[in-house]
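Below is one structure, written out as structure tokens; comments come after it.
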Amino acid sequence: MNLNHIKLTIIIVFFTQSILSQKNIPSIYIKTIEGKSINSISTLNKNGLTIYSFWATWCVPCINELDAIHNEFDKWKEHNVKLVAVSTDDARTKRRVRPLIMGKKWNFEVLIDENQNFKRSLNINGIPYTIVTDGKKIIYRKIGYKPGEEKDLYEFVLKNSIDKN
Amino acid sequence: MKREKIFYLLILIFFNNSSLNSQILNNLRSSYESYSAYYIDDSKTGDFNYEDRFRSNNYLNLKSNIGASWNFELQIESYLPSSLLNYSPDFKNTGISTFNLEYINDKINLKLGNFYEQFGSGMILRSWEDKDLGINNSIRGLNFKYRLNDKISLTSLFGQQKKGFKYSKGFIVGLDTEFDFSNETNENYTFIAGLSFVGRNDDQTSGTTYHNTTNLYSARIDFSSLSFYSNIEIINKSKDPVMQFGDFYDDFVEEGAAFFFNSGFIKNGIGVDFTFRRLENMALFSERNAFGNSYNQSIVNYLPALTKQHDYSLANIYVYQSQPNVSFVDPNLIKTGETGMQLDIYYFLKEKSFFGGQYGMNLALNASIWNNLDGNFDFVNKNYTTNFFGNGEKYFSEISLEIRKKWSSKLDNIIFYLNQFYNKKYIEEKFGKINSNIFVIETTYKLNKNKSLKLELQHLSTKDDNKNWSAFGLEYNLSSAISLYVSDLYNYQNPKQDKKIHYYNVGGSYSKGINRYTVNYGRQRGGLVCTGGICRYVPESTGLSFSITTSFF
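Going line by line, the protein sequences match chains A and B. Using my numbering, you'd call the opening residue of the first sequence number 144 and step up by one each time. Using my numbering, you'd call the opening residue of the second sequence number -11 and step up by one each time.
Structure, rendered in structure tokens:
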């Protein structure tokens, strides 16, 4: 029982302290679609916001979301936003990533997070999952996707890009 | 328990140091996941015959860092009063699941404690976490990575593999090197090669014809250009005793091998991918005695089924599982591995074309076929020889076509057709072969900006096994936060009257930002449940389940 109290205390202290603080994108090695190792920091957009969309070839809502964004992305790009689609496909399905994005004509930067190191470092516990950063700083996090939610994300991007300019 | 107390004490001492304390707390990231269920008796799926009707799996993950070089990670798990049905009995009570300390700089990455690692595509080594499947085979020990320059990197590791809150008795040692031969002046081509070694030492079993240590060697190359790519991996596994009926024999000790070839062609609007893989006696466990355990514990390497991972429930009844092992069940059921291939074609029909319409149309074709190895098998003397080319008994094949069509800004359709052959005798070591056809139509209609309705209709027709099934699902997203659904699977042609069961489910979810809550009431179909190409058997059950996922960042 004593031990449980200690555990509980530690957990509560951790939680109450952590909620208010700002967090950054961690520096971690991740692979490009060609298999090259690059640092996550080098994928950040230097002139505006970066959207990281965590997806997989077998995740239908993820593909619905990226399709929906793709259909309107020309409009988004006017606000200097960059989208990085981070595939969490493992060895079973990752070979399908390249033909799928070509077949869909998505023109996003695509990264391969095969053993989910990047996903784990960001405490992501389900996909689709969206993160928006301003520089290194994370300013938006969301789990899941329902039809129409890309409009909310666009509004967020619009608002924060205007603030910047 | 004693070790745990010391650990908590160390943490407390550490946090009493105030400057470190504030840095660590300021940088803290945490996540929490909880999955619970209350199981009830059901006249159709049967009484609940286990202990604890209420069961709950809980995961708390904490990460922090000091400066840019030092990282910590701690995961506490709690299975109280016990874990959800069909998780390994090793998951019980509360305890520290994983803990690690990491040092990083431009060249070095050193991790002490539990770590996840993968060499190449994982066929020789993969440690990872999959909570749905109850897999966390992280290795506890030392993981050292060194980047000599942009071209050469080296990874080494040593440790014991986690199983539940305990650790395997066997040791794993691994080494991986990767060379990037790409020409920096020409970014259109990349050429990467890798060499790996994995050794597993297990002194729990012993024989006169084999060693405690089994060694695996692998070589791989990966080539990419703008419109074409190709990769090859070759693996050799040293002699390892073959488990037969739960035991090992001195006269049944075999080598293993794997060959993997993948190539693809890509152009704007079209993508083609082809894979060939051959596995012979390739399974590796950190303890030999763990061979074939039904909880997927102590797996060292990742050998997933290379078939399409389906989203629709009826397409997930007859799911292929890779057959990497040697198994002499009876003279008419001998397996030594698998050989087969898979093809994917993605095609986009242009906007404003005849078939494409205003928004264009997406097509996805997938086909795969998997067979036993071709060879000569001697059941009595436990002996075999195999051929590199050629096919033995067919395990599985399927072909599917998916059409995605957006009709207007409000209406979307997905049409999916699947034809499957499933050799239940060989795959599950039971009886029968199943030929089936599955047809699915999914319609999404947007009512307004955040409201939408999705209807899914499915049918599986077969003259074999349990005959025809039908299924439907209706999902109503009534705001960006709230979603409700009702679904049913019905085996309406099951030859046994009492097995004509409606597997109904009703539920909903609430998600806001990074918090997500779900609740579900209904029946779980028994049998194989598969995620990520790995499957496990689950019993039929009925009950109320709910989950919480959240993170603080």
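Each residue gets a CB set at the ideal place from its N, CA and C atoms; glycine is no exception.
Taking residue i as the reference, give the member of the options with the closest Cα.
| i | options | result |
| --- | --- | --- |
| L291 (chain B) | B:L302, B:S274, B:M270 and B:A207 | B:M270 |
| K247 (chain A) | B:F336, B:T431 and B:I470 | B:F336 |
| K413 (chain B) | B:Y67, B:L(-2), B:S468 and B:Y306 | B:Y306 |
| E172 (chain B) | B:N37, B:D138, B:G195 and B:G234 | B:D138 |
| L121 (chain B) | B:I470, B:L532, B:V526 and B:I536 | B:V526 |
| Y308 (chain B) | B:Q149, B:N46, B:L294 and B:R392 | B:L294 |
| K397 (chain B) | B:N436, B:N359 and B:I403 | Note that residue 397 (chain B) is Ser in the sequence shown here, rather than Lys. Nearest C-alpha to S397 (chain B): B:N436. |
| I180 (chain B) | B:F169, B:F216 and B:L441 | B:F169 |
| S539 (chain B) | B:G515, B:Y505 and B:Y492 | B:Y505 |
| F159 (chain B) | B:G187, B:S144, B:G152 and B:E166 | B:G187 |
| S274 (chain B) | B:N14, B:S206, B:S144 and B:R114 | B:R114 |
| Y334 (chain B) | B:Y372, B:E381 and B:R392 | B:R392 |
| L301 (chain A) | A:M245, A:N223 and A:R284 | A:N223 |
| Y478 (chain B) | B:R513, B:N508 and B:L462 | B:R513 |
Just verifying my parser: in three-state terms, what is the DSSP assignment at residue i?
| i | result |
| --- | --- |
| V240 (chain A) | helix |
| F(-5) (chain B) | helix |
| P229 (chain B) | strand |
| S164 (chain A) | Residue placement at S164 (chain A) cannot be trusted, given a pLDDT of 48 that sits under 50; what the coordinates show is reported in the next sentence. Three-state DSSP puts S164 (chain A) in coil, outside helix and strand. |
| N81 (chain B) | strand |
| H447 (chain B) | strand |
| D30 (chain B) | strand |
| R263 (chain A) | helix |
| A293 (chain B) | coil |
| I305 (chain B) | coil |
| K434 (chain B) | strand |
| F132 (chain B) | strand |
| E528 (chain B) | coil |
| S535 (chain B) | strand |
| H213 (chain A) | helix |
| M144 (chain A) | Caution is warranted here: a pLDDT of 41 is assigned to M144 (chain A), below 50, making its placement in the model unreliable, and no coordinate value can be reported. |
| D120 (chain B) | helix |
| R511 (chain B) | strand |
| T197 (chain B) | coil |
| L296 (chain A) | helix |
| R235 (chain A) | coil |
| W395 (chain B) | coil |
| V317 (chain B) | strand |
| K484 (chain B) | coil |
| T86 (chain B) | strand |
| K412 (chain B) | helix |
Residues bridged to residue i by DSSP?
| i | result |
| --- | --- |
| W358 (chain B) | B:G328 and B:F384 |
| R43 (chain B) | B:A25 |
| Y283 (chain A) | A:V275 |
| V224 (chain A) | DSSP output for V224 (chain A) lists no bridge partner at all. |
| D190 (chain B) | Answer is none; D190 (chain B) lacks a bridge partner. |
| Q149 (chain B) | B:I127 |
| H490 (chain B) | B:Y478 |
For a contact meaning CB atoms closer than 7 Å, what does residue i contact in chain E?
| i | result |
| --- | --- |
| N268 (chain A) | The structure shown has no chain E; the protein chains it does contain are A and B. |
Contacting positions in the region 15 to 35 of chain B - beta carbon closer than 9 Å to chain A: N15, L16, R17, S18, S19, Y20 and E21
Mind the definition here: the region 486 to 498 of chain B touches the region 309 to 329 of chain B only if three or more C-beta pairs lie below 8 Å; say whether that holds. no
May I ask you to verify whether the region 352 to 359 of chain B touches the region 384 to 392 of chain B, counting CB pairs closer than 8 Å and requiring at least 3? yes
Could you tell me whether the region 71 to 88 of chain B touches the region 268 to 285 of chain B, using the rule of 3 or more Cβ pairs below 8 Å? yes
Under 7 Å (Cβ pairs) to chain A, residues found in the region 324 to 348 of chain B: D332, Y334, Y335 and F336
Please list, in chain order, the residues of the region 432 to 462 of chain B that have any C-beta partner in chain A closer than 7 Å. T432, K434, K437, N438 and S440
At a Cβ cut of 8 Å, what residues of the region 357 to 379 of chain B count as close to chain A, listed as they run along the chain? none
Is there contact between the region 204 to 221 of chain A and the region 271 to 290 of chain A, where contact requires at least three CB pairs shorter than 8 Å? yes
Within 9 Å of chain B by C-beta, residues of the region 279 to 301 of chain A in sequence order: I281, Y283, R284, K285, I286, G287, K289, P290, G291, E292, K294 and D295
Three or more beta-carbon pairs under 8 Å between the region 259 to 276 of chain B and the region 218 to 226 of chain B, yes or no? yes
Taking contact to mean at least 3 C-beta pairs separated by less than 8 Å, is the region 166 to 177 of chain A in contact with the region 253 to 260 of chain A? yes
Under 7 Å (Cβ pairs) to chain A, residues found in the region 461 to 482 of chain B: N465, S468 and S471
Taking only beta carbons into account, state which residues of the region 148 to 168 of chain B come closer than 7 Å to chain A, listed in chain order. D168
Quick one: any contact between the region 248 to 267 of chain B and the region 227 to 238 of chain A, if contact means 3 or more CB pairs under 8 Å? yes
Would you check if there are 3 or more beta carbon pairs closer than 8 Å linking the region 466 to 480 of chain B to the region 494 to 501 of chain B? yes
Can we say the region 192 to 200 of chain A touches the region 220 to 235 of chain A, given the rule of at least three CB pairs closer than 8 Å? yes
Return the residues of the region 64 to 81 of chain B that lie within a Cβ-Cβ distance of less than 8 Å from chain A, sorted by chain order. I64
Just checking, does the region 126 to 138 of chain B make contact with the region 83 to 102 of chain B on the three C-beta pairs under 8 Å criterion? yes
Contact between the region 108 to 116 of chain B and the region 55 to 69 of chain B is defined here as three or more beta-carbon pairs at a separation below 8 Å; is this criterion met? no
Listed from N- to C-terminal order along the chain, which residues in the region 231 to 257 of chain A have their beta-carbon within a distance smaller than 7 Å of any beta-carbon of chain B? D233, A234, R235, T236, R238, R239, R241, P242, L243, M245, G246, K247, K248 and E257
Between the region 529 to 537 of chain B and the region 23 to 41 of chain B, are three or more C-beta pairs nearer than 8 Å? yes
Take every Cβ of the region 339 to 352 of chain B, pair it with every Cβ of the region 373 to 380 of chain B, and state whether three or more of those distances are shorter than 8 Å. no
Please list, in chain order, the residues of the region 172 to 205 of chain A that have any C-beta partner in chain B closer than 9 Å. Y172, T175, I176, E177, G178, K179, S180, A199, T200, W201, C202 and V203
Positions along the region 246 to 274 of chain B whose CB lies within less than 7 Å of some CB in chain A: N250, G252, I254, K255, N256, G257, I258, G259, V260, D261 and T263
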